[in-house]
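Inspection log for the structure reproduced underneath, given as structure tokens.
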Amino acid sequence: MTVLVPERPAAGEPRPYRFPAFTRHDVAGGTVIACHLERRPIVSMALVSRVGAAAEDPGSAGVAQLTADLLGQGAGGLDAHAFAIAGERLGASWFAAVGWDSSHLGFDVPSFAVPEAARLLNSALVAPAMIAEELARVRDERVDDLVAEAARPRVRAARELAARLWAEGTRYALPQGGTPDTVEGVDLDAVRAWHESRLLPGAAALVLAGDLTELDLDLVGAAVFDGWAGTGEAGGASPQAATGGRRVVVVDRPGSVQSALALGHLGPARGAPDEVALTTMQAALGGLFNSRLNYTLREKKGYTYGASAQYDMRRDGGVFVAQSEVKTEVTAPAVVDAVAEIAGMQAGGIRDDELDDVRRQRVERYPLAFASPRGVLGALSDLVVHDLPDDYYDRQRERIAAVGKDEVDSAAAKHLRLDELTLVVVGDASAVADSLGDVGLGPVEVRTDE
Amino acid sequence: MTLTGMRAPHFELTDTRLANGLRVVVNEDHAVPIVAVNIWYDVGSRHEEPGRTGLAHLFEHLMFEGSAHVEKGEHLKLLQAVGATLNATTWCDRTNYFETVPSHHLELALWLEADRMGGLADSLSQETLDNQRAVVQNERRQSYDNQPYGGWIEQLQQSAFPAGHPYQHSTIGSMDDLEAASLDDVKDFYRRHYAPNNAVLTLVGDVDTDAALALVEKYFGGIPACADLVGAPDGTAPPVIGEEIRKVIPDNVPLPAVFMGYRCPPFGTPDFDALSVLSVVLGGGRGSRLYRELVLERALVRPSEEFVGAFDFVGGVSLLIADLHCAEGVTPEQAEAAYDEVVDAALRDGIADDELARARALLTSDVLGHLASLDSRADALSQHATLFGDPELVNTRVDRLLAPTADDLLRVGRAVLRRDNRVVLTYLPEEESA
Chain F
227 MTVLVPERPA AGEPRPYRFP AFTRHDVAGG TVIACHLERR PIVSMALVSR VGAAAEDPGS
287 AGVAQLTADL LGQGAGGLDA HAFAIAGERL GASWFAAVGW DSSHLGFDVP SFAVPEAARL
347 LNSALVAPAM IAEELARVRD ERVDDLVAEA ARPRVRAARE LAARLWAEGT RYALPQGGTP
407 DTVEGVDLDA VRAWHESRLL PGAAALVLAG DLTELDLDLV GAAVFDGWAG TGEAGGASPQ
467 AATGGRRVVV VDRPGSVQSA LALGHLGPAR GAPDEVALTT MQAALGGLFN SRLNYTLREK
527 KGYTYGASAQ YDMRRDGGVF VAQSEVKTEV TAPAVVDAVA EIAGMQAGGI RDDELDDVRR
587 QRVERYPLAF ASPRGVLGAL SDLVVHDLPD DYYDRQRERI AAVGKDEVDS AAAKHLRLDE
647 LTLVVVGDAS AVADSLGDVG LGPVEVRTDE
Chain S
8 MTLTGMRAPH FELTDTRLAN GLRVVVNEDH AVPIVAVNIW YDVGSRHEEP GRTGLAHLFE
68 HLMFEGSAHV EKGEHLKLLQ AVGATLNATT WCDRTNYFET VPSHHLELAL WLEADRMGGL
128 ADSLSQETLD NQRAVVQNER RQSYDNQPYG GWIEQLQQSA FPAGHPYQHS TIGSMDDLEA
188 ASLDDVKDFY RRHYAPNNAV LTLVGDVDTD AALALVEKYF GGIPACADLV GAPDGTAPPV
248 IGEEIRKVIP DNVPLPAVFM GYRCPPFGTP DFDALSVLSV VLGGGRGSRL YRELVLERAL
308 VRPSEEFVGA FDFVGGVSLL IADLHCAEGV TPEQAEAAYD EVVDAALRDG IADDELARAR
368 ALLTSDVLGH LASLDSRADA LSQHATLFGD PELVNTRVDR LLAPTADDLL RVGRAVLRRD
428 NRVVLTYLPE EESA
């Protein structure tokens, strides 16, 4: 005989919580932001630059990532293999990641090896080998990456959507890593120029998160910034919308058993005054598991393994995109349902129970989100990249808790724009193209030039 | 080199059982006000009957669809509304369910887990089954059938193990078997595998052990044990395949790739640990032999920081994987030949001290970083309690990885990395293979 407790338990008393304490100080011409985390023996340390792919000239899209890659291919008299070994023999793993608004170079490294990792990071920044043959290899690797990523239906759909929403020839119309053509065109002079004029300490900070108890952060900072100088501007993408009205684009992928959908329009840049209201709405529309899109397309209809929507908010522009991969046979009905959910939120706003769930979710997740070195590194990086005050996270938590239905509904009405929705479908055109003419999103164009 | 400064922490554990057989492991860690709740059920795809592949994973989905006192959708709703991260995964040996919650919501998590451990049967409906069957079939399409190279794992499992072996089929299961799963199958699966005496519950984080154990008793204590648990099937198999099995798969892929699977000793043995270290020497990180030769020197394959790695199967034998994604213009034959040269040279000529030291340092960092996270620590404790009967083994994990000598690596490597012990899948872009 099974005996279960029928009553749902009430919450206990929460422990007071604040964003983890961190220090910020200037060392040797640079800034060091450091956060000690108890019992986190592997420290995440990164040189965080405010300059990312958005600052690239569209014709040399990919140069930021190629530069970051090349800095790790040998430096300070070490070749690429020796540079790799120098970190890994201490248990340190190198990373070099570029986003639209930032570049991250650094290591996940055991505490005791942070000083040595700092010296390696410094040599990558000030004395990279910069060998043409290495660049040629890294360029080929990145071209292969771009080709391989585009073979994934979901990625292909998102890229096609960006190409349709942003004006041709502008940076945001191209993938973040560039295209095979633009990457092929990046030569050693372009990489050197990026390294010397854009990747500079004046637009960067050294961020560390993990067990820092036995470290002298002044020495660590001095080691990283030694011999490295210069100020730089973040630079922007000059975003420009495409013209030509909304449409349905089918990228033919014959034989596909699913259609990858990307449905979206341009959205606000980061820092919009109604950002908290907007992201609250987004969570209810396509963020939480029980969000309207996921609940309808997955839990009610069984059309998909998952459906979501987000606002990608960059420093100077943004995109709203809803994505799902649905069984080929239900492609048009899934689109109709997705559009209906977006329209319902746009016109009717958020329900009280949804608002309550989202607010609580976003407030209560704080101690989880900022527990790990990587989680804290990401949060502190955002302070650098977006020039936010030190009390940003605690203040933001108060704003999240206080957001009201009127603000959320206004954000929904303003930032969901049905008449601007462009749909990209990567799937079997012969099976889906005809039915997509009836979904009310404009003329259907089939691309078969893959 | 030494590993001075990288001291593996010792986690203080309480390891106990309720009267109904539920094993409970608690590790207090008050650094942050959160707690990881993790349950392993000792059932995975290896327990599935012929014609019912995918049932363990399909069942995992149904665990989120409501139970005695929880409506459909409510499990996720209630946990997400308190900021939790949560999920579940099914693998060949086990199914795990986990949520990390702010510590003042521990009781909610325990209530939800107990309700679905003890009270799922009456909530299972044909409608819910049909819905989640469709979701899982879409998961299969998304992750396997409609993805470039998506079928490799299924293909390797099918060829590397003898017919009917518990690891011969994938956890996702076949479309036909998923279609055939009935409500009776699902209820029977629940009754035979989802019971307190077939589970380990681990709590790691900001809890008081005594208070937490009292809550566990309160919520789980009334769930009866299952008297006729179905154990794992016999996974005994010859240690080597006995031939090189080769398959060419024309597919909608942009570049050729080669996936290799070698039968190998199971997880939890010293030889598996030696193989883990050898995998890093050969193909882990950016300083490995394969990275140096195939990426830096010859630009034959796309970079990977894990060219080689073993699955953590415990039932008799496991599977070591190597995968090579060809660079543009490189044939799979060239990539495979270069790989074979590197591996053969290492096993012929031996492994240098500094190579072994690099591998040990990377593995130590990896384990320490992994165990520092409350949720992965909880999962590791459940894992070692479920598979080996002893969660304390987590505290000696680093020591065991540091134990194998260079000679051990060679001995195990020569026994496993043999041509007559591997399956080689070659993916070719369809137009090239036409």
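These protein sequences, in sequence, are chains F and S.
In terms of our numbering, the first sequence opens at residue 227 and continues consecutively.
In terms of our numbering, the second sequence opens at residue 8 and continues consecutively.
Even for Gly, the Cβ is constructed at its ideal location relative to N, Cα and C.
Proximity to C271 (chain S) across S:L282, S:G158 and S:D183 peaks at S:L282, based on C-alpha coordinates. Against chain F, the beta carbon of M70 (chain S) has no neighbour under 8 Å; the closest one sits roughly 14 Å away. Runs of the alpha helix (DSSP H) spanning 4 or more residues and lying entirely within the stretch 321-406 of chain S occur at 339-356, 360-379 and 381-395, in chain order. Note on L190 (chain S): under 16 other CB atoms within 10 angstroms of its CB, so exposed under the neighbour-count rule. Exposure of E422 (chain F) is indicated by the presence of fewer than 16 other C-beta atoms within 10 angstroms of its C-beta. The shortest C-alpha to C-alpha distance from R266 (chain F) to any of F:H491, F:A605, F:V556 and F:T439 is the one to F:T439. Note that the C-beta distance between V308 (chain S) and Y156 (chain S) is not below 7 Å.
The three-state reading of DSSP puts Y156 (chain S) in coil, since its state is none of H, G, I, E or B. About 6 Å separates the beta carbons of I230 (chain S) and M124 (chain S), which is inside the 8 Å limit, making them a contact pair.
The distance from the Cβ of L387 (chain F) to that of P284 (chain F) is about 18 Å, inconsistent with a contact at the 8 Å cut-off. Contact of S517 (chain F) with chain S is not assigned, every C-beta pair being separated by 7 Å or more.
Within the stretch 50-82 of chain S, no beta strand (DSSP E) run of at least 3 residues lies entirely inside it. For S110 (chain S), the residues of chain F that pass the 9 Å Cβ criterion are G238, P240, R241 and P593, in the order they occur in the chain. Taking a cut-off of 8 Å on C-beta distances, the stretch 463-472 of chain F does not touch the stretch 294-314 of chain F, as fewer than three cross pairs fall below it. Of S:F395, S:E437, S:G316 and S:P277, the smallest CA-CA separation from L408 (chain S) is found for S:P277. Contact between T60 (chain S) and D184 (chain S) holds, with the beta-carbon distance rounding to 4 Å and staying under 8 Å. In this chain, the beta strand (DSSP E) harbouring A43 (chain S) covers I41 to Y48. The stretch 284-300 of chain F makes no contact with the stretch 472-483 of chain F, as fewer than three CB pairs between them are under 8 Å. I357 (chain F) has a beta carbon lying at 7 Å or more from every beta carbon in chain S. Cβ-Cβ distances below 6 Å link T293 (chain F) to V417, W420 and H421 in the same chain, with the five nearest sequence neighbours on each side left out; the list follows chain order.
Within a 10 Å sphere around the beta-carbon of S656 (chain F) sit fewer than 16 other beta-carbons, which makes this residue exposed.
Listed along chain S are N259, each with a C-beta nearer than 8 Å to that of G481 (chain F).
Judged by DSSP secondary structure, P599 (chain F) falls within the alpha helix (DSSP H) whose first and last residues are P599 to V611.
In this structure the stretch 655-673 of chain F lies against the stretch 547-559 of chain F, because at least three pairs of beta carbons, one per stretch, are closer than 8 Å. Counting C-beta pairs closer than 8 Å gives three or more between the stretch 325-339 of chain S and the stretch 298-314 of chain S, which meets the contact rule. When C-beta distances to chain F are compared with 9 Å, the residues of the stretch 197-225 of chain S below that value are D213, L222 and K225, in chain order. Contact between the stretch 246-263 of chain F and the stretch 312-331 of chain F is absent, with fewer than three C-beta pairs closer than 8 Å. Looking at the DSSP output, W420 (chain F) bridges to nothing. Segment contact: the stretch 34-53 of chain S against the stretch 589-598 of chain F, three or more CB-CB distances shorter than 8 Å; contact assigned.
In the displayed model, I568 (chain F) falls within a helix according to three-state DSSP. When 7 Å is used as the limit between beta carbons, G126 (chain S) is near these residues of chain F: T228 and L230, in chain order. For a Cβ distance threshold of 8 Å, residue set Q87, A88, V89 and G90 of chain S lies close to Q587 (chain F), ordered along the chain. Close to chain S, meaning a Cβ-Cβ distance shorter than 9 Å, are the following residues of the stretch 323-352 of chain F: D334, V335, P336, S337, F338 and A339. Taken in chain order, the whole beta strand (DSSP E) runs of length 3 or more contained in the stretch 405-473 of chain F are 430-436. For H76 (chain S), the nearest beta carbon of chain F is closer than 7 Å to its own beta carbon.
When C-beta distances to chain F are compared with 8 Å, the residues of the stretch 32-46 of chain S below that value are D36, A38, V39, P40 and I41, in chain order.
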